[in-house]
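Residue numbers (this note's numbering), protein chains in the order written: chain A, 1 to 297; chain B, 298 to 608. Below you'll find the structure, written out as structure tokens, and then a few comments.
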Amino acid sequence: MLSNPMFLAMAVLNGLSIAMVLFIIAAGLTLILGVLRILNFAHAAFFMLGGYVAWQVAEGWLEDVPGALWLGAIAAGLVLAVLAAIIERTMLRHLYGREEYYQLLFTFALVLLLNDAVKAIWGTDILTISHPDMLRGAADLGITFYPRYRLFLCVVGVVVAVALWLLVTKTRWGRTVRAARMDREMLSTLGVDVAKVYASVFILGVALAGVGGALAAADRSLYPGMDADIIVRTFIIVIIGGLGSLWGAFLGALILGMITSFGTVLVPEFELVLIYLLMIAVLLVRPWGLLGKEDVK
Amino acid sequence: MSAARTSLLVGVLMTAVFAAVPFFFGDYGVYLGAEILIYILFALAFNLMLGQGGLVSFGHAAYFAIASYAVAILLTTYSWPLLPAFVVAVALSCAAAVVIGALCVRLTAIYFAMLTLAFSQLVWAIAFKWNAVTGGDEGFVGVSVPQYLAEPTGFFYFALAIVAVCAVLLWLITHSAFGRILRATKENPRRAEFLGINVRRIRLVTFVISGTFTGVAGALFAIFNRAVFVESAWWTKSAEVLVMTILGGVGSFFGPALGATVLILLDRLITEFTQYWPTVLAIILIAVLFFLPNGLIGAFRRGRSTGAGDA
Numbered sequence: 001m002l003s004n005p006m007f008l009a010m011a012v013l014n015g016l017s018i019a020m021v022l023f024i025i026a027a028g029l030t031l032i033l034g035v036l037r038i039l040n041f042a043h044a045a046f047f048m049l050g051g052y053v054a055w056q057v058a059e060g061w062l063e064d065v066p067g068a069l070w071l072g073a074i075a076a077g078l079v080l081a082v083l084a085a086i087i088e089r090t091m092l093r094h095l096y097g098r099e100e101y102y103q104l105l106f107t108f109a110l111v112l113l114l115n116d117a118v119k120a121i122w123g124t125d126i127l128t129i130s131h132p133d134m135l136r137g138a139a140d141l142g143i144t145f146y147p148r149y150r151l152f153l154c155v156v157g158v159v160v161a162v163a164l165w166l167l168v169t170k171t172r173w174g175r176t177v178r179a180a181r182m183d184r185e186m187l188s189t190l191g192v193d194v195a196k197v198y199a200s201v202f203i204l205g206v207a208l209a210g211v212g213g214a215l216a217a218a219d220r221s222l223y224p225g226m227d228a229d230i231i232v233r234t235f236i237i238v239i240i241g242g243l244g245s246l247w248g249a250f251l252g253a254l255i256l257g258m259i260t261s262f263g264t265v266l267v268p269e270f271e272l273v274l275i276y277l278l279m280i281a282v283l284l285v286r287p288w289g290l291l292g293k294e295d296v297k
Numbered sequence: 298m299s300a301a302r303t304s305l306l307v308g309v310l311m312t313a314v315f316a317a318v319p320f321f322f323g324d325y326g327v328y329l330g331a332e333i334l335i336y337i338l339f340a341l342a343f344n345l346m347l348g349q350g351g352l353v354s355f356g357h358a359a360y361f362a363i364a365s366y367a368v369a370i371l372l373t374t375y376s377w378p379l380l381p382a383f384v385v386a387v388a389l390s391c392a393a394a395v396v397i398g399a400l401c402v403r404l405t406a407i408y409f410a411m412l413t414l415a416f417s418q419l420v421w422a423i424a425f426k427w428n429a430v431t432g433g434d435e436g437f438v439g440v441s442v443p444q445y446l447a448e449p450t451g452f453f454y455f456a457l458a459i460v461a462v463c464a465v466l467l468w469l470i471t472h473s474a475f476g477r478i479l480r481a482t483k484e485n486p487r488r489a490e491f492l493g494i495n496v497r498r499i500r501l502v503t504f505v506i507s508g509t510f511t512g513v514a515g516a517l518f519a520i521f522n523r524a525v526f527v528e529s530a531w532w533t534k535s536a537e538v539l540v541m542t543i544l545g546g547v548g549s550f551f552g553p554a555l556g557a558t559v560l561i562l563l564d565r566l567i568t569e570f571t572q573y574w575p576t577v578l579a580i581i582l583i584a585v586l587f588f589l590p591n592g593l594i595g596a597f598r599r600g601r602s603t604g605a606g607d608a
């Protein structure tokens with residue numbers, strides 16, 4: 001099968017589009033993990049909620065309005081940002097530095113709450129969002145045709161990666177964030193409001209998951225509980241890449257996307273097993289991940 | 298000595314209360330009681346790692362599911378008698394804990410939790426895909442159970458006896474010299490190393506003991522439920538036992554037993570009134586996290602000690 005160029009191109013493109021959507025979630029997760037040291041089990045639930053908010057705007061309120069999906073994505077980002085700010089200010093900040101299982105339990109409680117909220121507001125039926133007009137149909141890539149919207153998702157993933165990289169390396173905010181990751185106390189002695197830095201990282205990460213969920217919702221169906229599988233895949237990506245490493249998450253997403261895409265076609269029985277074996281192998285050989293830095297702590 | 302006496306009293310009292318259940322409640326009460334007993338054992342076994350060893354396993358579903366599937370397959374597919382099937386099933390969980398534990402104890406904190414999660418998801422993936430043996434996503438339904446265990450009261454007393462014996466064993470381990478060393482490795486692993494303690498080995502032994510008793514709970518559950526579903530290896534199962542343990546109280550031996558009891562009873566009770574049990578559970582969890590750091594049992598103790606202070 002691999003000798004067929006059309007099949008190969010399709011598999012690579014499928015892998016890429018799976019990878020880039022997962023990367024958008026993983027990027028926020030790894031940022032939060034790297035700086036706040038919080039293992040956020042609710043991250044994929046935020047992604048799911050973003051999808052539902054976008055559905056509400058694009059299909060519920062503004063059906064047949066061109067470009068409604070973009071408004072939906074913006075709305076998803078805003079709603080999730082506000083939600084994240086409330087959660088961080090009222091509850092999460094009290095859990096920094098506490099035992100891991102407190103954070104696990106708290107974010108697990110968020111998973112339960114978000115899933116119930118989705119069920120209460122939108123019901124348990126499967127919902128879908130139609131593609132925006134300009135991205136409908138398939139594009140001719142020479143060797144194969146491929147859905148325009150998926151190509152668009154790939155581009156979004158790369159744009160998010162570069163934008164986040166610029167944000168973290170080239171801006172004043174990014175420098176503060178990197179400093180907070182290294183030495184929180186020192187930073188606070190220097191007069192930086194570390195609480196604000198933490199809050200901003202959490203809000204950015206969650207809003208990103210929301211926007212990602214909104215854009216991905218046009219390519220997949222929405223249903224309560226869809227987050228349970230995604231969160232595991234996202235964790236795998238973050239682990240493979242290295243906790244806190246942006247490009248690590250990018251690489252991890254690519255690896256996972258390709259295994260998923262090629263695995264489901266070539267070795268459908270072993271695709272899942274392969275993914276978990278990879279996670280185990282990385283944790284045993286390089287627990288800090290492929291692109292992460294060895295952590296003294 | 299007084300701690301031992303209090304525990305003995307609590308243990309005997311709990312056993313007596315459970316033993317009386319079939320006399321006062323109908324079949325549903327007996328059914329519920331048996332389920333609670335199994336989860337009490339699961340939570341007690343889990344807390345040996347979390348409460349005593351400070352080891353956050355996020356993959357205990359694996360040892361539960363392995364013994365569940367093993368006992369179901371041996372009893373049904375191979376028509377083994379109960380005793381060898383049960384023993385071999387638990388031994389398989391134990392063996393899995395030896396191999397997985399040996400690899401996991403090389404890591405700490407988040408990495409340890411993530412590796413235990415990865416292994417349990419691997420077990421899930423195998424159970425999910427190995428249709429011919431496990432029934433895949435349809436589950437393994439129709440476990441053959443000896444006649445005396447097919448009857449609810451019979452199974453109830455069988456479970457009560459096994460859980461009581463296991464609880465005594467776990468209590469003895471917790472309060473032995475080994476238990477003290479384990480707590481030392483939790484409080485200050487470095488200092489423990491300096492004292493000549495092989496921290497990794499202590500953690501591995503704890504991992505194996507915990508995994509084995511979890512296997513006992515898993516094997517019981519398969520006989521109880523007469524079916525094993527692939528969800529029993531999914532990560533939310535591991536979250537469930539973590540929730541029970543913390544709800545009851547990590548720092549006390551009986552805390553997790555209380556947590557398991559309260560969680561299952563509340564689940565059944567609240568589900569009668571609303572489909573939003575997860576929301577109620579989440580609110581309870583958040584309340585416990587912020588207001589009852591020592592769990593329900595901590596609240597109970599605090600109440601009691603203030604009472605004593607007043608008197």
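All C-beta atoms, glycine included, are put in the ideal place defined by N, C-alpha and C. Model, not experiment: these values are computed from the prediction.
State yes or no: is the C-beta of residue i nearer than 6 Å to some heavy atom of the ligand MN?
| i | result |
| --- | --- |
| A:VAL155 | Annotation note on the ligand MN: not contained in the displayed structure, which lists no ligands. |
Give me the Cα-Cα distance between residue i and residue j, rounded to the nearest whole angstrom.
| i | j | result |
| --- | --- | --- |
| B:LEU562 | B:PHE320 | 19 Å |
| B:GLU435 | B:PHE526 | 7 Å |
| A:VAL111 | A:ALA42 | 5 Å |
| B:GLY606 | B:ALA596 | A caution first: B:GLY606 carries a pLDDT of 34, below 50, which makes its placement in the model too unreliable to give a value. |
| A:TRP288 | B:GLU332 | 40 Å |
| B:THR373 | B:VAL440 | 6 Å |
| A:VAL296 | A:VAL168 | For A:VAL296, the predicted model reports a pLDDT of 42, less than 50, meaning its position is unreliable and no value from the coordinates is stated. |
| A:TRP55 | A:ALA209 | 15 Å |
| B:ALA464 | A:GLU271 | 40 Å |
| A:TRP284 | A:ILE239 | It should be pointed out that residue 284 of chain A corresponds to Leu in this sequence rather than to Trp. Answer to the nearest angstrom: the Cα atoms are 11 Å apart. |
| A:ALA117 | B:LEU566 | 21 Å |
| A:GLY60 | B:VAL496 | 58 Å |
| A:ASP64 | A:ALA58 | 8 Å |
| A:VAL265 | A:LEU8 | 11 Å |
| A:GLY157 | B:THR471 | 50 Å |
| B:ASN344 | A:ILE25 | 32 Å |
| A:PRO132 | A:GLY67 | 6 Å |
| A:CYS154 | A:ILE231 | 20 Å |
| B:PHE588 | B:LYS483 | 24 Å |
| B:PHE452 | B:VAL442 | 10 Å |
| A:LEU2 | A:ILE280 | 27 Å |
Do residue i and residue j have their CB atoms nearer than 7 Å?
| i | j | result |
| --- | --- | --- |
| B:SER623 | B:SER529 | Any question about residue 623 of chain B goes unanswered here, given that chain B covers just 298 to 608. |
| B:GLY398 | B:PHE504 | yes |
| A:PHE46 | A:VAL177 | no |
| B:ILE337 | B:ALA554 | yes |
| B:ILE506 | B:ILE478 | no |
| B:VAL318 | B:GLY326 | yes |
| A:VAL192 | A:ARG184 | no |
| B:VAL307 | B:PHE551 | yes |
| B:LEU469 | B:GLY545 | no |
| B:GLN349 | B:ARG480 | yes |
| A:ARG150 | A:SER17 | yes |
| A:TYR276 | B:ALA422 | yes |
| A:GLY242 | A:GLY292 | yes |
| B:GLY512 | B:TYR360 | yes |
Cβ contact check for the segment 233-249 of chain A and the segment 397-417 of chain B: 3 or more pairs under 8 Å: yes
Unbroken stretches of the alpha helix (DSSP H), 4 residues or longer, contained in the segment 434-514 of chain B: 444-447, 449-471, 474-484 and 486-491
Ranges of the beta strand (DSSP E) found wholly within the segment 130-181 of chain A, counting only runs of at least 3: 138-140 and 145-147
Sufficient close CB pairs (3 or more, under 8 Å) joining the segment 446-456 of chain B to the segment 385-394 of chain B: no
Members of the segment 398-415 of chain B near chain A, C-beta cut-off 8 Å: LEU400, ARG403, LEU404, ALA406, ILE407, TYR408, ALA410, MET411, LEU412, LEU414 and ALA415
The segment 205-215 of chain A touching the segment 58-78 of chain A, judged by at least three CB pairs closer than 8 Å: yes
Chain-ordered residues of the segment 562-581 of chain B with a beta carbon less than 7 Å from chain A: TYR573, PRO575, THR576, LEU578 and ALA579
Near-chain B residues of the segment 222-248 of chain A - C-beta to any C-beta below 8 Å: ALA228, VAL232, PHE235, ILE236, ILE239 and LEU243
Cβ contact (3+ pairs, closer than 8 Å) linking the segment 576-589 of chain B and the segment 94-106 of chain A: yes
Short-range partners of chain B found in the segment 22-33 of chain A, where Cβ spacing is below 7 Å: none
The segment 44-58 of chain A / the segment 114-133 of chain A touching (three or more Cβ pairs under 8 Å): yes
Given 8 Å, three or more beta-carbon pairs between the segment 197-206 of chain A and the segment 15-35 of chain A: yes
Residues of the segment 354-376 of chain B whose Cβ lies closer than 9 Å to any Cβ of chain A, in chain order: PHE355
Segment contact flag, the segment 456-472 of chain B with the segment 512-519 of chain B, C-beta cutoff 8 Å, min 3 pairs: yes
The segment 438-462 of chain B: positions lying closer than 7 Å to chain A by Cβ: none
Residues of the segment 33-50 of chain A with Cβ closer than 9 Å to any Cβ of chain B, in chain order: LEU33, ARG37, LEU39 and PHE41
Contacting positions in the segment 531-542 of chain B - beta carbon closer than 8 Å to chain A: TRP531, TRP532, THR533, ALA536, LEU539 and VAL540
Cβ contact (3+ pairs, closer than 8 Å) linking the segment 405-412 of chain B and the segment 337-354 of chain B: yes
Within the segment 218-263 of chain A, ranges of the alpha helix (DSSP H) (whole runs, at least 4 residues): 227-241
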